[in-house]
Every structure is written in C-alpha cells, then in structure tokens.
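**Student:** So the sequence shown is numbered by our numbering: it starts at 3 and just counts up by one.
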Amino acid sequence: MYKLLLALASPFFKGMFEIPQPVASAEYGNGSLASTRAGIPVIFLYDAENRVCEKEVVEFVLSACHPARLQKCKLLLSAELLGPVVDVGVRYDIDWDVKTALRDPRLLQSSPFLLFSIACRSGLAAEATLAATEALRFRVADFPQEPAMNHSLVEFHKRCGQAAKNLATPGHEEWISERVLELFAGLHASSKPCPVGSDCRRYHFVLRRTCPQWWIDYMQRVAANLEARPHSSTVEDQTILDGAIGKTCEACLRNAVYPLMRKFIPQFKAKQISELSAGTFV
C-alpha cells in the first residue's frame, strides 16, 4: 500500500509516517521486535481496546483505502469483522472504510440489526437510518432482545408502519397516478364476459373512478402487512397478491390483473420508499 493512498484516504495518516512509532508487542519473522522495516516506520493499527488489529481487519482497511480495490473488498467483509473494521475506520478517519462496511448490500439484507447497533455505537446517523430502514423487513416480534437499541427501533418501526399503512388506506389514494386509475376504470367495460360472482365484476369507486374488487382486497391486505412489515418488499409480496385475486377469473388474471399490477406495484413501491426516506431514524 502506497503512503500516498493512505494519506488521501485518511487525514489521520497525513504526515504520520514521519512520526516515530512506539515499539509494539508483536514479533516479526525472526522473532525480534521492530518499529521500522526497510527504514520506514511501522505503523500499527489499534482497535477500540488499544490492541493491535488482526491481520484480516488490517487487510480490509487497506483495501478500502485503495480506490481500484474498493469494489472487490466489499465482497470480502464478513459479519464477524464488521465491528472491528468500523472501529478502525472511525478511529483513523477512513471514510471509505466505514461506508464500505456499513453500506454493504449483502450485510444490510442479512444483518441489519448488527449494522444498526454498530452505526449507533459509532455515532453514524445516516448509516444507522439505512440499517433501521432495512430492519423494517422484520416484524417487531422478530427483533433481537437488546433493550439498548430495541426501544428506538420499535418506535421507528411504529412510525414507518403507520405511514406505510396510510398509503393503502381508503381516503389516501391521491398519490396514485391518473393513468393507473384510468386503466383500472377501463376494466369495468370489459368485465361483462366474466363469470357471475367473480371479483372481476365487482367494483368500487376510488377518487371518482371504478376500481375492481380484487384490487381493493389487495390494498386492504397490503395495508395490514405494511403496518407489520413497512418495507418496500412487502408491496410486491406475491402471497399478498395471490390472496387478493383468488376469486378472479383466468381471463382477467392473464389479460388484466398481472399487466396492471406490473404498472401499479412499482409506483406503489416508489411512493412507499419516498415516504420512508422523507424522515430519518433520529
């Protein structure tokens, strides 16, 4: 790793190579202690408890300091190394390291609670909000039992759950585009051949437009689920849609339901995400 890259990655390292380093309690090759190598001072990275960092932590941190390896090093981080890596990044002011670790899409999906805990401990509000938002995929009952962070996450979950539920509640449909409402209304004219008693022939008025019963059922089901799991993935949950269209005829499923929902769900998902991003965790 070139000293220039370290200096560019972290203000902490600027001029640090000229500062004499204390002899650390670590051995090199022949068993001797060393504070220089090839005439260059050896700089040891220390963790939050002032212990010399493990090899894997140092390798990841150095990788995060190298722009050409930034994408590659994202794939190397494990949940076990997350805490030590972030501690070092915060301590040595290595911004790339912290962002790479706490914004790793894989870890956000698999370990949002761990990321949230570490971000809060490190005082990183933006990263804590990102992790808290990913944790919305879980029900409150599935949250880890950690009182220190559980209360704040539960309150955030409740606020987001209510906001997300409102989007699918009757009387809050103003965000639905005119184009989508017109497509739903257009189904009414083509529902005559559908079997009597099917949801294809049952309609309700929404914003002065006729909308099919199966869509009303979907919105009711998704509203209840969004309150429990106010994450964007809930909007496109296939089991919710399947439960709402159970009494819809095959022709409408093929020609209307799925084509229309392919237009509506992305709009719904985008609106739900924008509602969550309008606020922050804190």
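Cβ atoms here follow ideal geometry from the backbone N, Cα and C, with glycine treated the same way. Quick caveat: nothing in here was measured; it's all calculated off a predicted structure.
1) Taking only the alpha-carbon atoms, compute the straight-line gap between Val44 and Lys101 and give it to the nearest angstrom.
2) Suppose the cutoff is 8 Å on Cβ atoms and the five residues either side in sequence are ignored; what does the same chain contact list for Glu129 look like?
3) Exposed or buried, which one is Leu278 when buried takes at least 16 other CB atoms within 10 Å?
4) Would you mind stating whether Leu109 and Lys167 have Cβ atoms separated by less than 7 Å?
5) Rounding to the nearest angstrom, what Cα-Cα distance links Ala165 and Leu79 in this structure?
6) Runs of 3 residues minimum, wholly inside the segment 147 to 181: which ones carry the beta strand (DSSP E) assignment?
7) Would you call the segment 151 to 164 in contact with the segment 239 to 252, where contact means no fewer than 3 C-beta pairs closer than 8 Å?
8) Reducing DSSP to helix, strand and coil, say where Glu29 ends up.
9) By Cβ distance below 8 Å, which residues in the same chain neighbour Ile275 in space, the five residues on each side in sequence not counted?
10) If you draw a straight line from the C-alpha of Lys271 to the C-alpha of Ala230, how long is it?
11) Helix, strand or coil for Pro261? Go by DSSP, reduced to three states.
12) Along the chain, where does the alpha helix (DSSP H) that runs through Leu132 open and close?
13) For Pro107, which residues does DSSP report across the bridge?
**Tutor:** Result, derived from the coordinates:
1) Counting from 1 along the sequence shown, the entry for residue 44 is found at position 42. Counting from 1 along the sequence shown, the entry for residue 101 is found at position 99. Distance between the alpha carbons of Val44 and Lys101 is about 26 Å.
2) Locating residue 129 in the sequence shown gives position 127, where the first residue counts as 1. Cβ within range, chain order: Val100, Lys101, Leu104, Arg105, Leu117, Ala121.
3) Indexing the sequence shown from 1 puts residue 278 at position 276. Looking at its Cβ environment, which holds 16 or more other Cβ atoms inside 10 Å, Leu278 is buried.
4) Mapped onto the sequence shown, residue 109 falls at position 107. Mapped onto the sequence shown, residue 167 falls at position 165. No, the pair does not count as a contact, with Cβ atoms beyond the cut-off.
5) By one-based count along the sequence shown, residue 165 stands at place 163. By one-based count along the sequence shown, residue 79 stands at place 77. C-alpha separation (whole angstroms): 34 Å.
6) none
7) no
8) Translated into the one-based positions of the sequence shown, residue 29 becomes position 27. Reliability fails at Glu29, whose pLDDT of 48 lies under 50, so the model's placement of it is uncertain and the value that follows must be treated cautiously. Three-state DSSP puts Glu29 in coil, outside helix and strand.
9) Here the question's residue 275 lines up with position 273 in the sequence shown. These residues qualify, in order along the chain: Ser234.
10) Numbered from 1 along the sequence shown, position 269 holds the residue referred to as residue 271. Numbered from 1 along the sequence shown, position 228 holds the residue referred to as residue 230. Cα to Cα, Lys271 sits roughly 16 Å from Ala230.
11) For this step, residue 261 is matched to residue 259 along the sequence shown. The answer is helix: DSSP assigns Pro261 an H, G or I state.
12) Your numbering for residue 132 matches position 130 in the sequence shown. Looking at the DSSP string, the run of the alpha helix (DSSP H) that includes Leu132 is 127 to 136.
13) Position 105 of the sequence shown, counted from the start, is the residue given in the question as residue 107. For Pro107, which the question treats as bridged, DSSP gives no partner whatsoever.
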